[in-house]
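The sequence shown begins at 11 in my numbering and counts up by one.
Before any comments, here is the structure.
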Amino acid sequence: MGPIALAVIALLGWMWWTGRLKRITGQDAMAIAMGVLGLVLLAKGRPLLGVAPALLTGLYALWRFNRPEPKARVSEATPVAMDVAEARALLGVDESADPDEIQAAYRRLIALTHPDRGGTEALAGRINAARDVLLRHHGEK
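So this is what it looks like as structure tokens:
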């Protein structure tokens, strides 16, 4: 039983080291328990009872580790239609603001409203759009 336990520990360590053991689901836990039961039965000299759980666990492991990882969903920002006056009001800059002042106002607001800091994606998107509109408008002058 000792060599089997060492082999299981080594396998789990390798899986953790390579990043394959990211998140164990309920199905994974049940398969692991079934595999351990099969290995215990095999070690106790009951091959007829131990082969099926061990084999099914091996097949499950092959299926689980060979399926592609689900890709993280990236939400695409919806374009925000905004005029120059609304952009100035949102960023709190006046008509004579240069690109440095626009960037400073943007940095100040985005630091407060970024989704990582508790803000919403919609508000951060509007602030980004306001900066883009004002910088584009300043470049056209």
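Where is the CB? At the ideal position from N, CA and C, for every residue including glycine.
Between the CA atoms of residue j and residue i - distance to the nearest angstrom
i: Gly45; j: Asp126; result: 41 angstroms
i: Arg118; j: Glu150; result: 25 angstroms
i: Thr123; j: His148; result: 24 angstroms
i: Gly29; j: Ala64; result: 23 angstroms
i: Gly68; j: Trp27; result: 20 angstroms
i: Arg136; j: Met92; result: 8 angstroms
i: Glu111; j: Thr130; result: 24 angstroms
i: Tyr116; j: Ala132; result: 15 angstroms
i: Asp13; j: Asn76; result: Before going further, note that residue 13 is Pro rather than Asp in the sequence given. Cα-Cα distance, rounded: 27 angstroms.
i: Ala121; j: Ala114; result: 11 angstroms
i: Ala43; j: Gly36; result: 11 angstroms
i: Arg141; j: Ser106; result: 15 angstroms
i: Gly55; j: Gly48; result: 11 angstroms
i: Ala71; j: Leu101; result: 54 angstroms
Reduced DSSP secondary structure (H/G/I, E/B, other) of residue i
i: Thr130; result: coil
i: Met92; result: coil
i: Asp104; result: coil
i: Ile152; result: The structure shown has nothing for residue 152, since the chain only spans 11 to 151.
i: Thr35; result: coil
i: Gly29; result: coil
Burial state of residue i (16 or more Cβ within 10 Å)
i: Pro109; result: exposed
i: Leu59; result: exposed
i: Ala95; result: exposed
i: Arg74; result: exposed
i: Val143; result: buried
i: Val103; result: buried
Bounding residues of the alpha helix (DSSP H) (the contiguous stretch that carries residue i)
i: Pro109; result: Pro109 to Thr123
i: Pro74; result: In the sequence on display, residue 74 carries Arg and not Pro. Where Arg74 is concerned, the enclosing alpha helix (DSSP H) stretches over Pro57 to Asn76.
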